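Residues in the sequence shown are numbered from 1 upward in steps of one, following UniProt numbering.
Beta carbons: idealized from backbone N, C-alpha and C, even for Gly.
Given the structure is predicted, the values throughout are model-derived calculations rather than measurements.
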Amino acid sequence: MLARVRSGALMGIDAVVVECEVDMALGLPYFNVVGLPEGAARESKVRVVSALKNTGFDLPQKRITVNLAPADLRKEGAAFELPIALGVLAAARLMEEEPLGLYLFGGELSLDGSIKPIKGVLPLAVAARDGGFRGVMVPAANAAEAALVEGLQVLPVAHLREAVGHLTGSAPLTPLMREAALGAGPRKATADMADVRGQPELKLALELAAAGGHNVLMAGPPGSGKTMLARRLPGILPEMTFNEALEVTKVYSIQGLLGDEQALVRERPFRSPHHTLSDAGLVGGGPAARPGELSLAHHGVLFLDELPEFRKNVLEVLRQPLEEGAIHLARASQHITYPCRVMLVAAMNPCPCGYFNVPGRTCTCAEHRVFDYHSRVSGPLLDRIDITVQTRPVEYHQLAAKTQELPSQYYRQRVEAARERQRARFQDAPDVHCNAQMPSHLLRRYCVMSPRAEQMLELAVRHHGLSARAHDRILKLALTRADLEGHGRIEDVDMQLAVDCRMLDRRGWLHANTQGATDASRPASPVWRTPPDGKH
1 MLARVRSGAL MGIDAVVVEC EVDMALGLPY FNVVGLPEGA ARESKVRVVS
51 ALKNTGFDLP QKRITVNLAP ADLRKEGAAF ELPIALGVLA AARLMEEEPL
101 GLYLFGGELS LDGSIKPIKG VLPLAVAARD GGFRGVMVPA ANAAEAALVE
151 GLQVLPVAHL REAVGHLTGS APLTPLMREA ALGAGPRKAT ADMADVRGQP
201 ELKLALELAA AGGHNVLMAG PPGSGKTMLA RRLPGILPEM TFNEALEVTK
251 VYSIQGLLGD EQALVRERPF RSPHHTLSDA GLVGGGPAAR PGELSLAHHG
301 VLFLDELPEF RKNVLEVLRQ PLEEGAIHLA RASQHITYPC RVMLVAAMNP
351 CPCGYFNVPG RTCTCAEHRV FDYHSRVSGP LLDRIDITVQ TRPVEYHQLA
401 AKTQELPSQY YRQRVEAARE RQRARFQDAP DVHCNAQMPS HLLRRYCVMS
451 PRAEQMLELA VRHHGLSARA HDRILKLALT RADLEGHGRI EDVDMQLAVD
501 CRMLDRRGWL HANTQGATDA SRPASPVWRT PPDGKH
C-alpha cells in the first residue's frame, strides 16, 4: 500500500516541493527513511512512530519505507515529521489519501503527538502558492508567518489529532486570515538622533548615506559617538515596502529568528557582529550553507565596529557581495544564492590606543604601529565605501548645551523625500531602489552636472589618482546630495561634498593627522558646516 504526501525542503531562501512516498508492505516490522535525509530528518522515524502510538493509532506490524523525492536533494530539519506521519496513516488505510494532495505539510512532532514550530514556513507557503496547492498545514506557532502569502489557505494545527480530524472531515479547522497575520506583532521603538549631543558633521553624513543607500566609514577616538549614531541610522531610513519586508522575513524564517508574536519583519535590520566573526559567519556557509550576518542585514544596516580588528580574510570576502547585493555559495551538490542588499557602516579608531592626534590626549603608539593598524583595511575595500568621516571628541559646551538636537523624524522626512525622487527616477529599473545601486548605463543618463561640478570631478580624479569605481561612487554621492537639497542637477557644492568624502582614504588619514589640526571640531570643507538655525 502506497501513499503520497507533499512537503518542502529549503534551498537558499526558497523551498522546493518534496514528495513523501510511504510504502507499507509485508515483512518484519521496520521503519526506513531514504532520499538523502540528514540530521533531524534521519531521526524522524523514531518520533513519528512514538507520536502515532501515543496519539492512539494502532499501526499494523509491517515494513514501512519512506522515500523523500527528489532523492538527490539534501533534506534537513524536522519539518517532514507531520507529512510522514500522515502518509503512514494513509498507507495503513486509517484515513483517505485524497485530501493529502490539496496541501503542503510541515511540522515537527513531539512524542505525545503535539506539533512544534519549524523553520522556513514562509518559503514553504510561497512554494505551495506557486505549486498550485490549496493551502498549507503548519504548526499553530508558524501560521501567521504562512498567512503572509496572499491567496493561500493556512491551517494551523497544534496536535496530530487536529490534522487528522480536519483531513477526515470529523473536526474541520478554521483557516487563519491574512489580515490577522499582517496585524500581528508590536513595532519596536527605535533610538532617536536627538539623544546624541554634538557631531553635526557625522549626523549629516549618515543622513546622506541613508538618502542614497551609501556605505560609510567613521574614524575617530573612542567615545566620540560612532556606535551611538550608527545604532540610530535605521531610525532615519524609510520604511520597507511589503516586498522588501517579505524578503527579509524569508531570511529570518529559515534561521528561526522570528519571534513568537512576529509574523513580518517590519523594521529594517541592524546587525552588529563581534570582530571575532568568521568568514562563514559573515557571508554564510557551513555544512548546512545557512545565511550569514550579511544576509540577515538584507535591506538594512550591517555595522562593523572596530573594523581593523576583524580578520583580514573576513573583510576581503565583503568585496563581491557589496558590489552585487547577493552571495553565491557553491557546494558539491548545489548552488545557493542569498540576498544581501545592505548599507555597510563601519567604525574604527585612528590608532590601536585610539588617541592618535586627539587634542588633550597622548598617543602611546609608535608610528609604524599606526601604519600597520590602517593597513589591515585594504584599499579595494575602502574603494567600496562612499563616505568616510573623521570624528572628534564631543566638547563640553556641546554636552552642556540646553538646545534640543534635531530628532530622527526631521532627518527621516528629508531622507524619504530624497528616496521619493529616486523612485521616480528609477521607475523603469525595478532592480534599482536608490542611487547607490545605479549601474553604469543609468549613471551616465541621470548624473547631469554643472560645468563647474564637472571640472571639480576631473581635477579630483587626476590629482588624487582615483579609480573608475571611485569616480562612479563620487557621482552617485553627488546625485544623492542633489536629491536631498532638491537640485535638478549636480551643482558644485554637491560635487565638493562628494569629493571630500573620498579624500579620507587610508593614506589621507595619516597625512592629515601628522600635519596637526588647528580646529579639532570641524573639517576644512564648508559644505559640512551647519548654519546657526540648525537648518541645512
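Coarse secondary structure for residue 174, derived from DSSP in three states: coil
For residue 322: DSSP bridge partner residues: The partner list for residue 322 (beta bridge, DSSP) is empty, contrary to what the question assumes.
Residues of its chain near residue 146, where Cβ-Cβ distance is below 6 Å and the 5 sequence neighbours each way are ignored: 121, 125, 136, 138 and 154
Alpha-carbon to alpha-carbon, residue 376 and residue 312: 7 Å
Beta-carbon proximity list for residue 385, same chain, < 6 Å, skipping 5 on both sides: 215 and 217
Whether residue 44 touches residue 78 by CB criterion (8 Å): yes
Test item: CB-CB of residue 75 and residue 68 under 8 Å: The Cβ-Cβ distance between residue 75 and residue 68 falls below 8 Å.
Cβ contact (3+ pairs, closer than 8 Å) linking the region 295 to 313 and the region 242 to 251: yes
Secondary structure of residue 456, DSSP reduced to three states: In this structure, residue 456 counts as helix in the three-state DSSP scheme.
Residue 85 classed as buried or exposed, judged by whether at least 16 other C-beta atoms fall within 10 angstroms: Residue 85 comes out buried.
Where residue 20 falls: helix, strand or coil (DSSP): strand
Residue range of the unbroken alpha helix (DSSP H) whose run includes residue 83: 81 to 91
Whole-Å CB distance - residue 293 paired with residue 273, under 8 Å assumed: 5 Å
Backbone CA spacing between residue 171 and residue 442 [nearest angstrom]: 58 Å
With 16 other Cβ atoms within 10 Å as the buried cut-off, status of residue 331: exposed
First through last residue of the beta strand (DSSP E) which encompasses residue 212: It is not in any beta strand (DSSP E) - residue 212 instead sits in the alpha helix (DSSP H) that spans 200 to 212.
Nearest candidate by alpha-carbon position, reference residue 190, set 256, 268, 132 and 118: Of all alpha-carbon atoms in 256, 268, 132 and 118, the one lying nearest the alpha-carbon of residue 190 is that of 268.
Residue range of the unbroken beta strand (DSSP E) whose run includes residue 313: Element bounds for residue 313: not the beta strand (DSSP E) but the alpha helix (DSSP H), 312 to 316.
Residue 430 classed as buried or exposed, judged by whether at least 16 other C-beta atoms fall within 10 angstroms: By the Cβ neighbour-count rule, residue 430 is exposed, with fewer than 16 other Cβ atoms within 10 Å of its own.
Residue environment, residue 275, which counts as buried when at least 16 other CB atoms sit within 10 Å: exposed
Proximity to residue 210 [Cα-Cα], best of 466, 435 and 379: 435
Per-residue DSSP class, three states only, for residue 197: Per DSSP, reduced to three states, the secondary structure at residue 197 is coil, with no helix or strand assignment.
Counterpart residues of residue 63 in DSSP-defined beta bridges: 25 and 30
Close Cβ partners of residue 1 (< 8 Å) along its chain, the five nearest in sequence each way excluded: 23, 24, 25, 91, 92 and 93
Test item: CB-CB of residue 128 and residue 405 under 8 Å: no
Residue 262 versus residue 229 - alpha carbon distance: Each residue's Cα considered, the two are about 26 Å apart.
Cβ-Cβ distance between residue 31 and residue 16 below 8 Å: no
Residue from 80, 56, 14 and 474 with nearest C-alpha to residue 39: 80
Straight-line gap, residue 278 to residue 287 (C-alpha atoms, nearest Å): Rounded to the nearest angstrom, the two C-alpha atoms are 14 Å apart.
Exposure label - residue 546; buried when at least 16 CB within 10 Å: Nothing about residue 546 can be read from this structure; the chain reaches only from 1 to 536.
Chain-order list of residues whose beta-carbon lies under 7 Å from that of residue 283 (same chain, five-residue window excluded): 292, 294, 317, 321 and 327
Cβ shell of residue 419 (< 6 Å), same chain only, five flanking positions each side left out: 238
Residue 254: first and last residue of the uninterrupted alpha helix (DSSP H) it sits in: 242 to 254
Rounded straight-line distance, which links the Cα of residue 162 to that of residue 58: 17 Å
Straight-line Cα distance separating residue 450 from residue 314: 41 Å
Residue 46, buried or exposed, once every other Cβ within 10 Å from all chains shown has been counted against 16: It is exposed - the Cβ of residue 46 has fewer than 16 other Cβ atoms within 10 Å.
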